[in-house]
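For reference, the structure is listed below as structure tokens.
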Amino acid sequence: MEYAVKLLEDMLRIYSPTGYESRLGGYLEEAMKNLGFHVETDRVGNVIGRIGEGDVEILLCGHMDTVPGEIPVKRIGYNLYGRGVVDAKGALAAMIMAAYKAGSKDIGGKARITVACLVDEEGESRGARELAASDKPPSYLVYGEPSGVDGIIIGYKGALKVSLEVSTAPGHSASPWLYPNAVEEAFEIWRILKREVMGSGSYFDSVTGCLTRIEGGEGFSRTPAKCVMEMDFRVPPGIPWRRVRASIEEKALSYAEGKENLRVRVWDGDGVDAFTASKDSPLVSAFSIAVRKATGKRPILLKKTGTSDLNILAQVWRIPMIAYGPGDSRLDHTPDEHLDVKEYLSSIEVLREALRWLIGIR
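In the working numbering, the protein residues as written are 2 to 363.
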């Protein structure tokens, strides 16, 4: 287990924000080769390692990139600190170690295990899109994201990012009643979207949204003539993201209709639909058994209000999929990001046990 911890610590010391994954990719290529994987790097920088042979292919998939902001790598007791240790280098390192153990000791000629170390998950998901376009579907897919050692992620909400611009005629701030105020009008549209587009049910089963950026105005003495808002919506299963995009545009344009000197423009609007896995999936069964056997804990099925590369892969591959990995997702992207080393090591055993179960080793 000393090497497993060293692998993760080395990965944390290689700072890899989105767009700067190549140094970590080179390290992982050599590390997996030394563990007996056949390794290649594709045209966008994904590092793909394969071990074992057989008709069944199990794909373990995680991302190398992190959000910006370095955190000094250090150990305090059992807690290991570093940027990305939770989201999601801990999961990726656990997958490499579990694949190595299962591939070199357990599976024989029964299956091939592939570990895909992807780029750009925190950006435009170029790595996941390239993987989905270039490979045939595996038999099973496990994506590495923090679920906790006893958690199994069976759902992610979809996502939609929208920008909206409000333009008005400029005027003097001493007479604000004479001119529409672009900032106020934009915020009124946001209030309408909150009331008429977003739901009131559970967070997972409703459309939710966040106003992530607002910019407008030219300073003192002038009424704001332009305001831009950027909004991040999360979309539940059963509602296509394009339907939400159309509703947002319809509500915004309807608000501006008939109002003199008020123009509204909506753009961007790229998105991805929600992902859900069946509770009866063989992957869910395998991981439920593995959690009990490796940890003695009762498995917890989780539905996340966030979105991951799994959403993109699920649009292309109709195969059993889940997400799993060590760590508390509430620490994602925070300056206090840390992972209990004992949980990390336990997650390796859960993954290994699940791999054994999937290929029929009881």
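Built from N, CA and C at the ideal position, the CB exists for glycine as well.
Predicted model, so just to flag it, every value in this text is computed and none were measured.
Indicate the three-state DSSP secondary structure (helix, strand or coil) for Asp269 in the structure shown. On the sequence shown, position 268 is the one that residue 269 refers to. DSSP places Asp269 in strand when its eight states are reduced to three.
For a test of the three-state rule: what should DSSP assign to Ile362, helix, strand or coil? Position 361 of the sequence shown, counting from 1, holds the residue named residue 362. Note: Ile362 maps to coil in three-state DSSP.
With distances taken between CB atoms, is the gap from Leu303 to Met96 smaller than 8 Å? One-based indexing of the sequence shown puts residue 303 at position 302. One-based indexing of the sequence shown puts residue 96 at position 95. Not in contact: Leu303 and Met96 (Cβ atoms no closer than 8 Å).
Quick one, are the C-beta atoms of Met230 and Ala291 less than 8 Å apart? Position 229 of the sequence shown, counted from the start, is the residue given in the question as residue 230. Position 290 of the sequence shown, counted from the start, is the residue given in the question as residue 291. Not a contact, by the Cβ cut-off of 8 Å.
Leaving out five residues on either side along the sequence, give the residues of the same chain with a beta carbon under 8 Å from the beta carbon of Lys195. Along the sequence shown, one-based indexing puts residue 195 at 194. Hits under 8 Å: Gly210.
With a Cβ-Cβ cutoff of 8 Å, do Gly156 and Thr277 count as a contact? Your numbering for residue 156 matches position 155 in the sequence shown. Your numbering for residue 277 matches position 276 in the sequence shown. Taking 8 Å as the Cβ cut-off, Gly156 and Thr277 qualify as a contacting pair.
So the candidates are Asp151, Thr169, Arg319 and Gly328; which of them puts its Cα closest to the Cα of Arg223? Here residue 223 refers to the residue found at position 222 of the sequence shown. Out of Asp151, Thr169, Arg319 and Gly328, Thr169 has the C-alpha closest to the C-alpha of Arg223.
Would Lys305 be called buried (16 or more neighbouring beta carbons within 10 Å of its own) or exposed? In the sequence shown, counting from the first residue as 1, residue 305 sits at position 304. Lys305 should be labelled buried.
Rounded separation between Glu321 and Ala355 - CA only: Indexing the sequence shown from 1 puts residue 321 at position 320. Indexing the sequence shown from 1 puts residue 355 at position 354. Inspection of the sequence shows that residue 321 is occupied by Pro rather than by Glu. Rounded to whole angstroms, Pro321 to Ala355 spans 14 Å at the Cα level.
As a quick exercise: from Leu61, Ser126, Val167 and Trp268, pick the residue whose alpha carbon is nearest that of Glu261. For the purposes of this step, residue 261 is taken as the residue at position 260 of the sequence shown. Closest by alpha carbon: Val167.
How would you call Tyr325, buried or exposed, if buried means at least 16 neighbouring beta carbons within 10 angstroms? Position 324 of the sequence shown holds residue 325. Buried: at least 16 other Cβ atoms inside 10 Å.
Judging by CA-CA distance, which residue of Met12, Ser17 and Asn312 is the nearest neighbour of Thr67? Position 66 of the sequence shown, counted from the start, is the residue given in the question as residue 67. Here the closest residue by C-alpha is Ser17.
Compare the C-alpha of Gly37 against each of Tyr28, Ile52 and Val45 and name the closest. The count along the sequence shown starts at 1 and reaches residue 37 at position 36. For the residues Tyr28, Ile52 and Val45, the minimum Cα distance to Gly37 belongs to Ile52.
Alpha carbon to alpha carbon, what distance is there between Val267 and Glu146? Your numbering for residue 146 matches position 145 in the sequence shown. Your numbering for residue 267 matches position 266 in the sequence shown. So the alpha carbons of these two residues sit roughly 33 Å apart.
By how many angstroms is the C-alpha of Leu314 removed from the C-alpha of Ala133? Walking along the sequence shown from the start, residue 133 turns up at place 132. Walking along the sequence shown from the start, residue 314 turns up at place 313. Approximately 6 Å, taken between the alpha carbons.
So the alpha helix (DSSP H) Asn80 belongs to, where does it begin and stop? As a position in the sequence shown, residue 80 is number 79, starting the count at 1. It is not in any alpha helix (DSSP H) - Asn80 instead sits in the beta strand (DSSP E) that spans Asn80 to Tyr82.
Would the stretch 272-288 and the stretch 102-120 be scored as touching if the rule is three or more Cβ pairs under 8 Å? no
Answer yes or no: do Cys118 and Gly63 have a C-beta to C-beta separation smaller than 8 Å? The residue you call residue 118 lines up with position 117 of the sequence shown. The residue you call residue 63 lines up with position 62 of the sequence shown. Yes, the Cβ-Cβ distance between Cys118 and Gly63 is below 8 Å.
Which term fits His39, buried or exposed, when burial requires 16 or more other beta carbons within 10 angstroms of its beta carbon? Within the sequence shown, residue 39 is the residue found at index 38, counting from 1. Its Cβ having fewer than 16 others within 10 Å, His39 is exposed.
Tyr141 - DSSP class collapsed to helix/strand/coil: Here residue 141 refers to the residue found at position 140 of the sequence shown. In this structure, Tyr141 counts as strand in the three-state DSSP scheme.
Please indicate yes or no: does the CB of Val273 lie closer than 7 Å to some heavy atom of the ligand SAM? No copy of the ligand SAM occurs in the structure displayed, which carries no ligand at all.
Give the DSSP bridge partners of Val229, in chain order. Against the sequence shown, residue 229 aligns to sequence position 228. Glu166 and Glu216.
Whole-angstrom Cβ separation of Val45 and Gly128, contact assumed at under 8 Å? As a working note, residue 45 is residue 44 in the sequence shown. As a working note, residue 128 is residue 127 in the sequence shown. So it is a contact: roughly 6 Å between Cβ atoms.
Reduced DSSP category for Val57 - H, G, I as helix; E, B as strand; rest coil: Here residue 57 is taken as the residue at index 56 of the sequence shown, counted from 1. Val57: strand per DSSP, three-state reduction.
Alpha carbon to alpha carbon, how far is Gln316 from Phe221? Your numbering for residue 316 matches position 315 in the sequence shown. Your numbering for residue 221 matches position 220 in the sequence shown. Cα to Cα, Gln316 sits roughly 49 Å from Phe221.
In the DSSP assignment, find the unbroken alpha helix (DSSP H) run with Tyr325 in it and report its ends. Working through the sequence shown from its first residue, we reach residue 325 at position 324. Where Tyr325 is concerned, there is no enclosing alpha helix (DSSP H), although the beta strand (DSSP E) it sits in stretches over Met322 to Tyr325.
I need the straight-line Cα distance from Ile349 to Pro327, nearest angstrom please. Reading the sequence shown from its first residue, position 348 is the one you call residue 349. Reading the sequence shown from its first residue, position 326 is the one you call residue 327. Rounded to whole angstroms, Ile349 to Pro327 spans 9 Å at the Cα level.
Identified DSSP bridge partners for His339: Taking the sequence shown and counting its residues from 1, the one referred to as residue 339 is at position 338. Answer is Tyr82.
Does Lys280 come out as helix, strand or coil in the three-state DSSP assignment? Numbered from its first residue, the sequence shown carries residue 280 at position 279. Looking at Lys280 - three-state DSSP - the assignment turns out to be coil, as it is neither helix nor strand.
Short check: CB of Val120 to CB of Met65, under 8 Å? To locate residue 120, count along the sequence shown from 1; it is residue 119. To locate residue 65, count along the sequence shown from 1; it is residue 64. Against a cut-off of 8 Å, the Cβ pair of Met65 and Val120 comes out as a contact.
Rounded to the nearest angstrom, what separates Leu8 and Ala100 at their Cα positions? By 1-based counting over the sequence shown, the position of residue 8 is 7. By 1-based counting over the sequence shown, the position of residue 100 is 99. Between Leu8 and Ala100, the C-alpha separation is close to 14 Å.
What is the residue span of the beta strand (DSSP E) that Gly50 lies within? The sequence position of residue 50 within the sequence shown is 49, counting from 1. From DSSP, the beta strand (DSSP E) with Gly50 extends over Val48 to Ile52.
Separation of Gly149 from Asn80, as counted between CA atoms: Position 79 of the sequence shown, counting from 1, holds the residue named residue 80. Position 148 of the sequence shown, counting from 1, holds the residue named residue 149. Whole-angstrom Cα-Cα distance: 14 Å.
Can you tell me which of Ile15, Tyr204 and Val184 puts its alpha carbon nearest to the alpha carbon of Lys158? The residue labelled residue 158 in the question sits at position 157 within the sequence shown. Looking at the Cα atoms, Tyr204 is the closest of the given residues.
Using the DSSP secondary-structure output, state which residues sit across from Thr209 in a beta bridge. Counting from one through the sequence shown, the residue named residue 209 turns up at place 208. Answer is Arg235, bridged to Thr209.
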